[in-house]
Amino acid sequence: MILIYIAASLLISGILFFNKVTIVRKILVLLFLLMQIIFTAYEFTHKGLTEFNFFKADALAILMLITLTIISIPALLHSYDYIYKEQDNRRARSIYYVAMIMLIMALSAAYLSSHIAVTWIFVELTTLSASALIFHRRNAGSIEATWKYIFVCSISLVFVFIGILFLSLALGDTNQETLHYETLIELAPNLNQFWLRLSFIFIFTGFTAKLGLVPMYTAGIDAKDKAPTPAAALFSSVLMNVGFVGVFRFYEIISHNPLHQWANHVIMISAFLSIFIATVYMLKVKNIKRMLAYSSIEHMGVIMLGLAAGGIGYYAAILHIILHSFAKSALFFQIGHIYKTYKTKNTYYIGNYFKYNISGAIFMLIAFICVTGMPPSGLFISEFYIFKALFQANYLYLLIPLLILLTFIFWALGRNFLKILFTPPVDFDESCIEKVNSYETLSQYILMGLVIYLGLNPPVFFNDLIQEAIKNLI
Amino acid sequence: MINILLIVFTMSLLFFAIGNRLMTYVKILALQGVLLFGIAFYGLIESNLATLIIILLETIIVKAIAIPLFLRYVIIKNNITREAEPYLPNFVSLIIVTLIIAATFMVSNVIHDIHNHKIYFVVALSALFSGLYFMSTRKKIITHVICYVLIENGVFILSLAVGKEMPMLVNLGVLFDVFVSVFLLGIFINKVGDVLQDTDVSQLSNLKD
Numbered sequence: 278m279i280l281i282y283i284a285a286s287l288l289i290s291g292i293l294f295f296n297k298v299t300i301v302r303k304i305l306v307l308l309f310l311l312m313q314i315i316f317t318a319y320e321f322t323h324k325g326l327t328e329f330n331f332f333k334a335d336a337l338a339i340l341m342l343i344t345l346t347i348i349s350i351p352a353l354l355h356s357y358d359y360i361y362k363e364q365d366n367r368r369a370r371s372i373y374y375v376a377m378i379m380l381i382m383a384l385s386a387a388y389l390s391s392h393i394a395v396t397w398i399f400v401e402l403t404t405l406s407a408s409a410l411i412f413h414r415r416n417a418g419s420i421e422a423t424w425k426y427i428f429v430c431s432i433s434l435v436f437v438f439i440g441i442l443f444l445s446l447a448l449g450d451t452n453q454e455t456l457h458y459e460t461l462i463e464l465a466p467n468l469n470q471f472w473l474r475l476s477f478i479f480i481f482t483g484f485t486a487k488l489g490l491v492p493m494y495t496a497g498i499d500a501k502d503k504a505p506t507p508a509a510a511l512f513s514s515v516l517m518n519v520g521f522v523g524v525f526r527f528y529e530i531i532s533h534n535p536l537h538q539w540a541n542h543v544i545m546i547s548a549f550l551s552i553f554i555a556t557v558y559m560l561k562v563k564n565i566k567r568m569l570a571y572s573s574i575e576h577m578g579v580i581m582l583g584l585a586a587g588g589i590g591y592y593a594a595i596l597h598i599i600l601h602s603f604a605k606s607a608l609f610f611q612i613g614h615i616y617k618t619y620k621t622k623n624t625y626y627i628g629n630y631f632k633y634n635i636s637g638a639i640f641m642l643i644a645f646i647c648v649t650g651m652p653p654s655g656l657f658i659s660e661f662y663i664f665k666a667l668f669q670a671n672y673l674y675l676l677i678p679l680l681i682l683l684t685f686i687f688w689a690l691g692r693n694f695l696k697i698l699f700t701p702p703v704d705f706d707e708s709c710i711e712k713v714n715s716y717e718t719l720s721q722y723i724l725m726g727l728v729i730y731l732g733l734n735p736p737v738f739f740n741d742l743i744q745e746a747i748k749n750l751i
Numbered sequence: 066m067i068n069i070l071l072i073v074f075t076m077s078l079l080f081f082a083i084g085n086r087l088m089t090y091v092k093i094l095a096l097q098g099v100l101l102f103g104i105a106f107y108g109l110i111e112s113n114l115a116t117l118i119i120i121l122l123e124t125i126i127v128k129a130i131a132i133p134l135f136l137r138y139v140i141i142k143n144n145i146t147r148e149a150e151p152y153l154p155n156f157v158s159l160i161i162v163t164l165i166i167a168a169t170f171m172v173s174n175v176i177h178d179i180h181n182h183k184i185y186f187v188v189a190l191s192a193l194f195s196g197l198y199f200m201s202t203r204k205k206i207i208t209h210v211i212c213y214v215l216i217e218n219g220v221f222i223l224s225l226a227v228g229k230e231m232p233m234l235v236n237l238g239v240l241f242d243v244f245v246s247v248f249l250l251g252i253f254i255n256k257v258g259d260v261l262q263d264t265d266v267s268q269l270s271n272l273k274d
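Following this line, the structure appears as structure tokens:
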């Protein structure tokens, strides 16, 4: 099935690239969406199935795949409305759709792959398709963002590759030659610690470019700022998840090795620094998209702290990353509407949103509550569990500064969100305002509803999948 | 023989440090491609034929011919000036690269478990770190691409060191990486030239907080 899926995606993108007729393009995009849904359903019903030796539908992959499919539906469907009318150049548009489809395909394959080198290849593919999306507007800003993104990600992936080479050295005397995750987990206690340590450092550093942690987080910020909003919604949710999957699968290996505690400390340092940097920038930035990008960094830091704390933190980390994907992508879709209304991303010139777009403004209010982790948001539940895990693991000295930083972030987000909603904007000309169709907000409400529902009352199958995803961790 | 080739490769890094022109850099990359061909040939002569042929073709065609020619084409087409414009004088670069080589040499002497691949390890790591150093001290965007290829060459040597045990897939990975990144970056530079007048990194520092 996965081979059919990859081949069909490539075929559809090939036709899209040369196609010039609008109706054919719409049909092809819908066809791809349909295939994505069928593929997800197939993998969901065939849990544990290994295909083509390199792909396995395990619980984590299925969870991430479902998240991806749910987010990709509005992302692809809304793309028609978000792309600017004045820049509606046919060439740019077909490249945009091809890149979108390639990105979704590469992400699905990267989630499902059960071999570390195969994951690497598909993560590399996500870099390429993502850079085509960032380049969409073809102005000086997007060129700079694309350049930085390609560059930082390529260097990071070279780091991952070096890490894989070191990992094969760590296998050393075990006489095993495959790098399948399952084999590696079995062999983990006997791996050479020196090489495993080096390998972890390189692979972790490499994947932070996708995951959005210190040290390689910088490229992602510019990318989310300059990409068209549907693409930015994917970047800030499912593309970050692919980094998480990469780190998580390696973490599973190292958790069976005596180096487990050391790896926890490395992750904690990186995660805490990320939250600190996110706080500092969020107090300062005026660009709403960049502010949300920094907020994603903060959430990723919280997730990784949960992973490092262990215990209930494992469960909470997975729950948090899924809920965060829904919340952040919905917010990015809404930013698209705000940009359409005000033609700017600077909070200084945005305000009184209630007056211009009521459904969007109510959504922004709900989103503010959800994304900062206030009840009834599901993110409240997962953050609460993560704090509890940190407390139980005796990381009080980490928990207290973390809570202080999160308070600052709460304040920074609140100041900007409430300003957007209630304070009148500076120099805003109401006459040429472009009305936003309110049914376009529907998808955002559904996504945000999922955030609340899955947190408060997780369905049994969802809970089971999360429990199964973390069963390999000690 | 392998050792001689590896040492020549390390010397090419020193030569890179004092090179002044972009074309010199491109020629060094071509030379490194040929050296990698030799290293791969002697290193993998006992492994199976298909792997050997693919890797040899990759080094000679992609690394020694296609990439240098492509970079040359990009430089000429965009009228990029010939000077490399480093931020630091060449003499300082030479000293720093020497220090990097000495440091990796000492580091790898500390490691005991190295599977008799010590020299590979030294050369690969010095290529990696000097590549990162060159990248941060050269002004033009195109030199960043050149340095990226340099780093990839280092990684290739590292993968040869473990190549006997590694599956085919990973070697294909190197090929894929180099191919895609360089061509994408090259095409991209052509586009940068259309929008920005000068392909200089200083133009790319507007996005910040």
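So the protein lines, in turn, are chains D and G.
Quick note: the first sequence, position 360, residue 637 per the numbering used here, numbers continuous.
Quick note: the second sequence, position 3, residue 68 per the numbering used here, numbers continuous.
Note that beta-carbon positions come from the ideal geometry of N, C-alpha and C, so glycine has one too.
These numbers were taken from a predicted model, which means no experiment stands behind them.
Over what stretch of residues does the alpha helix (DSSP H) that includes D:Thr556 continue unbroken? His537 to Met559
Interface residues of chain D around G:Ser201 at Cβ under 7 Å? Chain D residues near G:Ser201: none, gap ~11 Å exceeds 7 Å.
How would you label D:Ala500, buried or exposed, when you count the other beta carbons within 10 angstroms and need 16 or more for buried? buried
Is the number of C-beta pairs between the region 586 to 593 of chain D and the region 601 to 614 of chain D that are closer than 8 Å three or more? Segment contact: the region 586 to 593 of chain D against the region 601 to 614 of chain D, fewer than three CB-CB distances shorter than 8 Å; contact not assigned.
Which chain D residues sit within Cβ distance under 8 Å of G:Leu223? Ile439 and Leu442
Apart from the five residues on each side of it in sequence, which residues of its chain come closer than 7 Å, Cβ to Cβ, to D:Ser445? These residues qualify, in order along the chain: Leu456.
Exposure of D:Ala409, with buried meaning 16 or more beta-carbon neighbours within 10 Å: The residue in question, D:Ala409, is buried, as its Cβ has 16 or more Cβ neighbours within 10 Å.
Does the beta carbon of D:Tyr592 sit closer than 7 Å to a beta carbon anywhere in chain G? no
The alpha helix (DSSP H) enclosing D:Arg368, as first and last residue numbers: Counting along the chain, the unbroken alpha helix (DSSP H) around D:Arg368 starts and ends at Arg367 to Leu389.
DSSP three-state assignment for D:Phe332, whether helix, strand or coil: strand
Contact between the region 506 to 523 of chain D and the region 477 to 494 of chain D is defined here as three or more beta-carbon pairs at a separation below 8 Å; is this criterion met? yes
How close, in whole Å, do the beta carbons of D:Pro701 and D:Gly628 come, if the pair is a contact with beta carbons under 8 Å? The beta-carbon separation of D:Pro701 and D:Gly628, rounded to 5 Å, stays under the 8 Å limit for a contact.
Neighbouring residues, chain G, relative to D:Glu421 (Cβ below 7 Å): Counting only Cβ-Cβ distances below 7 Å, D:Glu421 has contacts in chain G at Leu269, Asn271 and Leu272, in chain order.
Check whether chain G comes within 7 Å of D:Ser264, counting only Cβ atoms and requiring the distance to be less than that. What the structure shows of chain D is the stretch from 278 to 751, and residue 264 of chain D is not part of that stretch, so it cannot be assessed.
Along the chain, where does the alpha helix (DSSP H) containing D:Tyr630 start, and where does it finish? Tyr630 to Tyr633
Here's the rule: buried if 16 or more other CB atoms are within 10 angstroms of the residue's CB, otherwise exposed. What is D:Cys647? buried
Can a CB atom of chain D be found closer than 7 Å to the CB of G:Ile216? yes
Would you grab the beta carbon distance between D:Tyr616 and D:Lys622 for me? Rounded to a whole angstrom, and I think it's under 8 Å. 6 Å
D:Thr346 (DSSP reduced to helix, strand or coil): helix
Checking the sheet assignment: what are the DSSP bridge partners for G:Glu148? Beta-bridge pairing links G:Glu148 to G:Arg86.
Does the Cβ-Cβ distance between G:Ala192 and G:Asn218 come in under 7 Å? yes
Any C-beta of chain D under 7 Å from that of G:Val157: no
Straight-line gap, D:Asn296 to D:Lys303 (C-alpha atoms, nearest Å): The alpha-carbon of D:Asn296 is positioned some 11 Å away from that of D:Lys303.
Does the distance from the C-beta atom of D:Ile480 to that of D:Gly449 stay below 7 Å? no
Could you work out which residue in D:Pro351, D:Phe521, D:Leu308 and D:Tyr319 is closest to D:Tyr239 when comparing CA atoms only? Absent from the structure is residue 239 of chain D, since the part of chain D shown begins at 278 and ends at 751.
Of the residues D:Ile339, D:Cys430, D:Val375 and D:Thr423, the one placed nearest D:Ser390, counting alpha carbons only: D:Ile339
Proximal residues to D:Ile393 (C-beta, below 6 Å), its chain only, five neighbours per side dropped: For D:Ile393, where only same-chain residues beyond five positions count, the Cβ hits under 6 Å are Ile441 and Leu456.
So is D:Gln744 buried or exposed if we call it buried at 16+ other beta carbons inside 10 Å? Classification for D:Gln744: exposed.
When the Cα atoms are used, what is the spatial distance from D:Asn734 to D:Asn740? Their Cα atoms are separated by approximately 10 Å.
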